[in-house]
Amino acid sequence: MPRIGVYICHCGENIAGAVNVEEVRKYAEKLPGVVLARDYLFMCSDPGQELIKQDIRNGLIDRVVVAACTPRTHEPIFRKSVEDGGLNKYLFEMANIRDQDSWPHWHDKEGATAKAKKLVASAVAKAAFLEPLDDRFVEVTRASMVVGGGVAGMFAALDLANMGYKVYLVEKNPSVGGNMAKLDKTFPTNDCSACILTPIMVQVGTHPNIELLTYSEVESVEGSIGNFKVKVRKKQTYIDWDKCTGCGDCVNACPAKVPNEFNEGMDNRKAIYIEFPQAVPKRAVVDIEHCLSCAKRTIGTKPRIHSKTGEPILAPCEKACKTGACDRSREYNPEGEIVELNVGTIIVATGYKVMDKAPFKEYSPQSPNVITAMQLERILSATGPTEGHFHRPSDGEKPKTIAFISCVGSRDKRYHTYCSKVCCMYMLKEARLIKEKYPDTNIYIFFIDVRTGGKDFEEYYNYCRDLGIKMLRGRVGAVDELPGDRLRVRAYDVDLGAPVELEADLVVLATAVEPAPGLEELGRKLGITCGSEGFLKEMHTKLYPVETPVKGIYIAGCAQGPKDIPESVSQARAASSAAAVPLTLGKVVVEPLISEVNQRKCAGCGTCVQLCPYSAIRLVEDKGRLRAKIDEALCAGCGVCAAACPSGVITLHGFTNAQIHAQIKALAC
Amino acid sequence: MSNVQVATGVINLSEGDPGLVNEIKELGGEELLECIQCAKCAAACPMVLAGFSFFNKRVIHAILLGLRDALLDDSSIWACQSCNRCTEVCPREVNPFEIIQAMRRVAIREFALPTLSIEGLKSLYDTGHAVYLAGAGSTRAKVGLPDKPPSTVANLEALKELQAIIRQTALADLGIIPMGESDVTETCEV
Amino acid sequence: MKVGFFVGCNTAFNRPDLEQAVRYAFPALGIELDNLEGQSCCPSWGTMPSVDVVGWCAVGARNHTIAEEKGLDILTVCGSCYGSLAESKYKMDINPEVKASVNEILKKIGREYKGTSKVRLAHYYLYHELGPDRIREALKHRLDGLTVALQPGCHTLWPSKVYYDKEEDPFHPRVLKEMCEALGATVGYYTRLLDCCGMGAMRSTDMEKAFKLVEKKLVSMKEEVNPDLIVTGCSSCLIQFDTAQEFLRSGKKINFEIPVLHFMQILALCLGADREQVTGLAKTDVGPVVNRILAG
Numbered sequence: 000m001p002r003i004g005v006y007i008c009h010c011g012e013n014i015a016g017a018v019n020v021e022e023v024r025k026y027a028e029k030l031p032g033v034v035l036a037r038d039y040l041f042m043c044s045d046p047g048q049e050l051i052k053q054d055i056r057n058g059l060i061d062r063v064v065v066a067a068c069t070p071r072t073h074e075p076i077f078r079k080s081v082e083d084g085g086l087n088k089y090l091f092e093m094a095n096i097r098d099q100d101s102w103p104h105w106h107d108k109e110g111a112t113a114k115a116k117k118l119v120a121s122a123v124a125k126a127a128f129l130e131p132l133d134d135r136f137v138e139v140t141r142a143s144m145v146v147g148g149g150v151a152g153m154f155a156a157l158d159l160a161n162m163g164y165k166v167y168l169v170e171k172n173p174s175v176g177g178n179m180a181k182l183d184k185t186f187p188t189n190d191c192s193a194c195i196l197t198p199i200m201v202q203v204g205t206h207p208n209i210e211l212l213t214y215s216e217v218e219s220v221e222g223s224i225g226n227f228k229v230k231v232r233k234k235q236t237y238i239d240w241d242k243c244t245g246c247g248d249c250v251n252a253c254p255a256k257v258p259n260e261f262n263e264g265m266d267n268r269k270a271i272y273i274e275f276p277q278a279v280p281k282r283a284v285v286d287i288e289h290c291l292s293c294a295k296r297t298i299g300t301k302p303r304i305h306s307k308t309g310e311p312i313l314a315p316c317e318k319a320c321k322t323g324a325c326d327r328s329r330e331y332n333p334e335g336e337i338v339e340l341n342v343g344t345i346i347v348a349t350g351y352k353v354m355d356k357a358p359f360k361e362y363s364p365q366s367p368n369v370i371t372a373m374q375l376e377r378i379l380s381a382t383g384p385t386e387g388h389f390h391r392p393s394d395g396e397k398p399k400t401i402a403f404i405s406c407v408g409s410r411d412k413r414y415h416t417y418c419s420k421v422c423c424m425y426m427l428k429e430a431r432l433i434k435e436k437y438p439d440t441n442i443y444i445f446f447i448d449v450r451t452g453g454k455d456f457e458e459y460y461n462y463c464r465d466l467g468i469k470m471l472r473g474r475v476g477a478v479d480e481l482p483g484d485r486l487r488v489r490a491y492d493v494d495l496g497a498p499v500e501l502e503a504d505l506v507v508l509a510t511a512v513e514p515a516p517g518l519e520e521l522g523r524k525l526g527i528t529c530g531s532e533g534f535l536k537e538m539h540t541k542l543y544p545v546e547t548p549v550k551g552i553y554i555a556g557c558a559q560g561p562k563d564i565p566e567s568v569s570q571a572r573a574a575s576s577a578a579a580v581p582l583t584l585g586k587v588v589v590e591p592l593i594s595e596v597n598q599r600k601c602a603g604c605g606t607c608v609q610l611c612p613y614s615a616i617r618l619v620e621d622k623g624r625l626r627a628k629i630d631e632a633l634c635a636g637c638g639v640c641a642a643a644c645p646s647g648v649i650t651l652h653g654f655t656n657a658q659i660h661a662q663i664k665a666l667a668c
Numbered sequence: 000m001s002n003v004q005v006a007t008g009v010i011n012l013s014e015g016d017p018g019l020v021n022e023i024k025e026l027g028g029e030e031l032l033e034c035i036q037c038a039k040c041a042a043a044c045p046m047v048l049a050g051f052s053f054f055n056k057r058v059i060h061a062i063l064l065g066l067r068d069a070l071l072d073d074s075s076i077w078a079c080q081s082c083n084r085c086t087e088v089c090p091r092e093v094n095p096f097e098i099i100q101a102m103r104r105v106a107i108r109e110f111a112l113p114t115l116s117i118e119g120l121k122s123l124y125d126t127g128h129a130v131y132l133a134g135a136g137s138t139r140a141k142v143g144l145p146d147k148p149p150s151t152v153a154n155l156e157a158l159k160e161l162q163a164i165i166r167q168t169a170l171a172d173l174g175i176i177p178m179g180e181s182d183v184t185e186t187c188e189v
Numbered sequence: 000m001k002v003g004f005f006v007g008c009n010t011a012f013n014r015p016d017l018e019q020a021v022r023y024a025f026p027a028l029g030i031e032l033d034n035l036e037g038q039s040c041c042p043s044w045g046t047m048p049s050v051d052v053v054g055w056c057a058v059g060a061r062n063h064t065i066a067e068e069k070g071l072d073i074l075t076v077c078g079s080c081y082g083s084l085a086e087s088k089y090k091m092d093i094n095p096e097v098k099a100s101v102n103e104i105l106k107k108i109g110r111e112y113k114g115t116s117k118v119r120l121a122h123y124y125l126y127h128e129l130g131p132d133r134i135r136e137a138l139k140h141r142l143d144g145l146t147v148a149l150q151p152g153c154h155t156l157w158p159s160k161v162y163y164d165k166e167e168d169p170f171h172p173r174v175l176k177e178m179c180e181a182l183g184a185t186v187g188y189y190t191r192l193l194d195c196c197g198m199g200a201m202r203s204t205d206m207e208k209a210f211k212l213v214e215k216k217l218v219s220m221k222e223e224v225n226p227d228l229i230v231t232g233c234s235s236c237l238i239q240f241d242t243a244q245e246f247l248r249s250g251k252k253i254n255f256e257i258p259v260l261h262f263m264q265i266l267a268l269c270l271g272a273d274r275e276q277v278t279g280l281a282k283t284d285v286g287p288v289v290n291r292i293l294a295g
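See below:
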């Protein structure tokens, strides 16, 4: 007969505010198998854990049930106290009477108490059938993959590389740098973005421990912490990067014009192009969709021979290339190349994109003088389409009056309900850069709430006001086109209590920060879900902000939600240290909560083999018959096989049929 | 807040009616609490441009504070054009127009409605038209049309149908207008 | 082709010349009009909509069912009717509870709202069902050489989610413009195009304030377009622009007069209607501009 101890946590007022703890304790005391039931203000505190250890040491109990908060954060804590007390740590069960009871039923105290009793009874019923289990350990591949080569990904990669680990840095664009490479200056110190970023890009490009895989995307991920097998698709560049020196001769020769993504579509690049002058690696790629195939030099064909000279007829890009990197005879292969990587941990730092202006019809997006803040960033940048000269798009005139509109697509139920967090500061920054350079410019910022929480941010805001930048409280309702490429901005000024109109030469929309395209799909490949807003969900907002529900996979930067550069870098460096822990230990604990086949009784039907999402089950020959065998290293303990086995001979340890039946029966009482 | 302040002096928030929010939600203003007072609705609102003291944004704010009397003492809500530009631009999908309608519904339940609205309702009940000009027959004849349009004014059965419907609605319980069965005679312009 | 003509109040009693214009133009273009016998007020915003949602929809639904029984769409020339009818339909179509309550009431008179008829605005109907080209071909007179300023009307634009006939981009409307261009007119853009004219509940509540709105629009039209004619897409806007100018002139707010007609009146003229019957009730002096149209 098991001797079960039940411990009920008040969680301060979190549980006790809705659940009558004493009533639940008295109820638990009388449950079959329970020898004692105690309650305490905070079970997870040192005195709380001590209660459990003492009862075990005193030989009073041999099974432990804690009714408290979520096992997500607290199960490891209580397992440890059970182990410290001298029991196998898997002789422990948890009932979540907070997240699943007191919180949602806060206004129904009686109901919450009744539900707590059921949850406790159910956990106790399961506890009676618990069995001791032993942890497994697996060796760790001492390498890591970082997805995304923006400022967060680069810092994460550098930290791990500097610790001595091999890092694969996967970036979908031809160059690392990310969005930060597009910025002119950065708040709150107005450092030149290129000046602080490009040295980091160079470090990443030259570090002996970092292998750059740019123009590449993650194709699939298998395995688990310590041993991930990743397939990466290197997209086809149609240029031999081993030979390319990044001289740009092919680019100059190319006649095809394509809107330039790096300059936010405000000028053109060529079909053969280097992403931007400071690119790392500085290599050319052919945008095959826009390539004109000059001289009929379709990729993958042999050149025609000139009838008189007998020389091959080459495309301009080929002719210009001195190294032979650009050779259009190379095979047409849009699939690219698959590279297989073995890594112990993964960091996802895929960044963000900003919304386009097109959906905001009320702001006359058809006018060239209505631009996004990212476009303004490119206009202000010395590497941008105007080489840093402050010209408005329609006619190249210097704008005299500028209106900034905040929260465009943010705090907006039709697009994104969240606050994009960085817009208030970047609008102030852009306004300040303009005002400092051209003090006679009139700048008006229309906002809902100015949000400048952050080190030195409020000081930055005040400085901008001192410069004479006008701040108006009231979301703009309309931007109408006026003759002469001017714009009329209309708002209700809350502080004046009056409608206001402003005739502006340039209107800048602070469009929302949104997840990078394809993030949800990448999340699916990794087994990490996105929140309703499309950003990857961390394990726990406060305590495990860089961890994900998948052990060994970490997140950093705007992949998790809108962030500024200081925050992205901080999180990247936190993620790199978290990702280094398993690499440093060299082995990781794998919970023994996995499936096992009773081979003697297996009929070899193969149902489980088909269903296993982790390809962990094979049919092997045993005494002349096929029987299922589960690879412990691959099994993730999902339980699909155990549920599906027609003979009922697969056991999922920690969730055995007997345990689950007992739980359900207790709930049904 | 110039007009409001002139009208009421200091607004005593502790006298706010916390029940007003629920009343509005029940009378069609379901999305009231989504409002973050960004003021986008007010940017091109005809009521703002014409200078009324209360309009979409401010009506919502006053409702959230429970300022029932301030809202009822002012006729602004009855000047709403129902143009719905606010509904189109509202980034919170509050349907500000519907909130103003809901405030009118609150006001009507306290008999705080302008005479013209009473007349409009009465005309609707009596003739089937909120706007009805008894003398329109000659104007119609002038442009070559029959005296009456093919509506309830020319069709007593239809009018009775309409009246039967209106008698089933909330208007019947409010007793704002008499609801007998009447002939089509009066003039009303709303 | 056949459609149910919903006359409404202002068109029937204030501007029956507009009603006559519709009754002339549609058949002239080969579209039969049904009278929707027994129709009532839409109901207008200040009446049932201000009492409660179900009452509003119930009175609206009775009108919808008249068209539904005949298998016809409902056609209006009045923005308010268009708005109120489209909105009551939208409420009933997306909210089964409202629809059920309404049908509970309609049951008393043996009717049931099904949601099978669409609410259409006259010039949008013609734009979508015939297209500007076919209308151009049918014209007897044209507006060549005439410059017009437009007043699309609020209820033709927003809330765009409730309308069947709508603009691709309500902040940059095109339909009325393209229709006027099909008649040969030059359409001038003025920057207050989207603003409300002030007709409606506001004019009933405070005429002086309401006239501030139409004044601002008139000045913007005059300064930026200097049109020969104002063309409206809504009967309420027609009345406001047509009647406000004399008042504004006497108050020294403006010193000009621009003739005003609804699009359907101009179309009827261009299709050969009797000028007195389809424009005879205008307060602004439309005579000279009608002369030019009939000569064109």
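Residue numbers (numbering that gives the first Met the number 0), protein chains in the order written: chain X, 0 to 668; chain S, 0 to 189; chain F, 0 to 295.
Quick reminder that beta carbons are idealized off the backbone N, C-alpha and C, glycines included.
Since the structure is predicted, the reported quantities are computational estimates derived from the model, not experimental observations.
The Cβ atoms of T349 of chain X and A558 of chain X lie closer than 8 Å to each other. By the CB criterion at 8 Å, K550 of chain X and S223 of chain X fall inside the cutoff. Its Cα nearest to that of T231 of chain F, the residue F:M178 stands out among F:V218, F:M178 and F:K208. For N461 of chain X, the uninterrupted alpha helix (DSSP H) segment begins and ends at F456 to D465. Per the coordinates, the alpha-carbon of D394 of chain X lies some 11 Å from the alpha-carbon of L505 of chain X. Only those residues of the segment 189 to 220 of chain F whose C-beta falls short of 9 Å from the nearest C-beta of chain X are listed: T190, R191, L192 and L193.
Residue pairing from DSSP places Y39 of chain X in a beta bridge opposite X:C8.
W55 of chain F and P48 of chain F have their C-alpha atoms roughly 5 Å apart. Burial check for E156 of chain S: the Cβ neighbour count within 10 Å stays below 16, so the residue is exposed.
Sixteen is the threshold: when 16 or more other Cβ atoms of the shown chains lie within 10 Å of the Cβ of N262 of chain X, as they do, the residue is buried.
For E97 of chain S, the closest Cβ of chain X is not nearer than 8 Å.
By the CB criterion at 8 Å, I209 of chain X and L168 of chain X fall inside the cutoff. Following the DSSP letters along the chain, one finds L508 of chain X inside the beta strand (DSSP E) bounded by residues L505 to T510. With respect to chain F, the C-beta atom of D355 of chain X has no partner C-beta closer than 8 Å. Between P15 of chain F and T138 of chain S, the gap from beta carbon to beta carbon is short of 8 Å. In summary, C668 of chain X is exposed, with fewer than 16 beta-carbon neighbours lying within 10 Å of its beta-carbon over all protein chains present. Collapsing the DSSP output to three states places H660 of chain X in a helix. The Cβ atoms of D479 of chain X and S363 of chain X lie closer than 8 Å to each other. Residue pairing by DSSP puts D492 of chain X in a beta bridge opposite X:A497.
Taking every protein chain shown into account, the CB of P514 of chain X has 16 or more other CB atoms within 10 angstroms, so this residue is buried.
Scanning its chain for C-beta atoms nearer than 8 Å, with the 5 sequence neighbours on each side dropped, one finds around S614 of chain X the residues E221 and L633, in chain order. Taking a beta-carbon distance threshold of 8 Å, T75 of chain F does not count as an interface residue toward chain S. Taking V33 of chain X as the centre and dropping the five residues before and after it, the same chain places the C-beta of I3, V5, A27 and V123 closer than 7 Å to its C-beta, in chain order.
Residues of the segment 83 to 110 of chain S with a C-beta atom less than 7 Å from some C-beta of chain X are V88, P90, R91 and E92, listed in chain order.
Contact annotation: in the segment 42 to 69 of chain S, residues whose CB is within less than 9 Å of a CB in chain F are A43, C44, P45, M46, L48, A49, G50 and F51. Interface residue (Cβ-Cβ distance to chain F less than 8 Å): K108 of chain X is not classified as such.
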